[in-house]
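Reviewing the structure listed below.
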Ligand SMILES: [Zn+2]
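In my numbering, the protein residues as written are 5 to 433.
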């Protein structure tokens, strides 16, 4: 790829040529996550905020000049439909929280082809798999990353093997099976599925998509940062007479954090835009974790990058992680942008699911609503200024986990099929 210079270890800073390795820095074993190094001069020759904003490609592939992969083809398939998710104003939520109406936005990534943020990573990894002619792509997943890989693989007839904990919600397992992936439900937790997927990929020569291991996942996820800046610009100036030379930046972005790869991906995208001169500053990244799975928040709170594993326990299955595999970069994303980590309870997550659905019409799974629970907490505690522009990233659809949605929503009223019964219930009898 012309724009791909190489990889840089996030721990020791050593750089590697593109064909030198595939996954992690050899000096650090599986924890040496690599940042993709791009040729910003070449990108600026090929594209600009104005040229991107003129694109009629309403998917993450509008940012192809900023990605380290070749055009994957596959026009007209779901692979080409990942990204460019809705960017909603959430005025009523803003008012509820005592914040400035019209400055709170929800980025609804539940609207991706397989209904989660993970389609971004899987689309780019599958593009990479086609480039290197990988026969099989494998991934460990709490459900969403696997469903995304299975879906993107099905779009282009790529073979996929998914390892998921047997506790994954049934809707996510159903997606894996429906897309035709080889599904292996592991009698263990996500961390055990992760390690098994690594071992099996080495043993059988599969291309491993594991999050916090394959450097291309971050490159897919960074496209959310591009969209946030471009879409925020559009809300301020929908039909510019002259194209915007730069993109707008919110004051803060709230992101749910499990293994840390989404927040580090968003951070990477913002750093790319800043290096290109397409934005003027970095927003504060606000990491939100469930209190039962808060390894990154714990490390941030004591000012270290040493991530101590926890024994994860939260209803937000997508962010239920003992050892965040991209923890160092996730802590750094918050520290380097002057943001903060917040920790929320499962009850606060259920409250956030209800609020998002009833006050912004966004149906989020528990992990997807965790970011909003963090914003609610930050507003309550006076951590943010009421005039700030804030984006909340919702990472997955509520249809992914109907059982948790029913916990948040409560039971429906059951009645006899008579008008009298309706009168009794609505109180006009
Ligand atoms: Zn290293």
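All residues carry an ideal CB built from backbone N, CA and C; glycine is no exception.
Model, not experiment: these values are computed from the prediction.
Distance from the C-beta of residue 216 to the nearest heavy atom of ligand 1 is not below 6 angstroms. About 4 angstroms separates the CB atoms of residue 127 and residue 86; that is less than 8 angstroms, so the two are in contact. For residue 271, the CB stays at least 6 angstroms from every heavy atom of ligand 1.
In the three-state reduction of the DSSP assignment, residue 148 falls in the helix class, which pools H, G and I. Between residue 131 and residue 205, the CB-CB gap reaches or exceeds 7 angstroms. Residue nearest to residue 335 within the set 14, 10, 9, 8 is 14 (criterion: CA-CA distance). Rounded to whole angstroms, the separation of the alpha carbons of residue 343 and residue 120 is 24 angstroms. Inside the stretch 66 to 145, DSSP marks whole beta strand (DSSP E) runs of 3 or more residues at positions 91 to 93, 108 to 112, 140 to 144, from first to last along the chain.
Taking the Cβ of residue 275 as the reference point, every heavy atom of ligand 1 lies at 6 angstroms or farther away.
Among the bridge pairs identified by DSSP, residue 404 is matched with none.
Taking the C-beta atoms as reference points, residue 271 is found nearer than 7 angstroms to residue 337. The straight-line gap separating the alpha-carbon atoms of residue 330 and residue 69 is approximately 25 angstroms. No Cβ-Cβ contact shorter than 7 angstroms links residue 397 with residue 122.
The stretch 98 to 106 and the stretch 376 to 387 touch, with three or more beta-carbon pairs separated by less than 8 angstroms. Remark: the C-beta of residue 32 is in contact range of ligand 1, defined as less than 6 angstroms to any heavy atom.
When DSSP reads this structure, residue 211 sits in a beta bridge with 141.
Annotation for residue 169: 146, 190, 192, 193, 194, 197 place their beta carbon closer than 7 angstroms to its own, counting only its chain and skipping 5 residues before and after. In this model, residue 223 and residue 269 are separated by some 6 angstroms (Cα to Cα). With a cutoff of 7 angstroms on beta-carbon distance, residue 369 and residue 400 are scored as near each other. Around the beta carbon of residue 215, 16 or more other beta carbons sit within 10 angstroms, so the residue counts as buried.
DSSP places residue 390 outside any beta strand (DSSP E), giving it a letter other than H or E. The Cβ neighbour count for residue 60, taken over all protein chains shown within 10 Å, is under 16; the residue is labelled exposed. Burial check for residue 390: the Cβ neighbour count within 10 Å stays below 16, so the residue is exposed. Restricted to the stretch 224 to 261, the beta strand (DSSP E) segments that are unbroken, complete and at least 3 residues in length are 256 to 260, listed in chain order. Distance from residue 419 to residue 425 at the Cβ level is roughly 4 angstroms; contact confirmed, criterion being Cβ atoms closer than 8 angstroms. Of the residues 261, 282, 259, 137, the one whose Cα lies closest to the Cα of residue 253 is 282. Three or more Cβ pairs drawn from the stretch 258 to 265 and the stretch 313 to 329 lie within less than 8 angstroms of each other, which places the two stretches in contact. A residue is called buried when at least 16 other Cβ atoms come within 10 angstroms of its Cβ; residue 256 meets this threshold and is buried. By the Cβ neighbour-count rule, residue 235 is buried, with 16 or more other Cβ atoms within 10 Å of its own. With respect to residue 378, residue 428 sits apart: the two C-beta atoms are not nearer than 7 angstroms.
Secondary structure at residue 417: coil, using DSSP grouped into helix, strand and coil. In this structure, residue 160 lies near residue 83, with their beta-carbon atoms less than 7 angstroms apart.
Per DSSP, residue 427 has no beta-bridge partner at all. With respect to the C-alpha of residue 348, the residue from 375, 363, 136, 359 having the closest C-alpha is 375.
Secondary structure of residue 163 (DSSP, three-state): strand.
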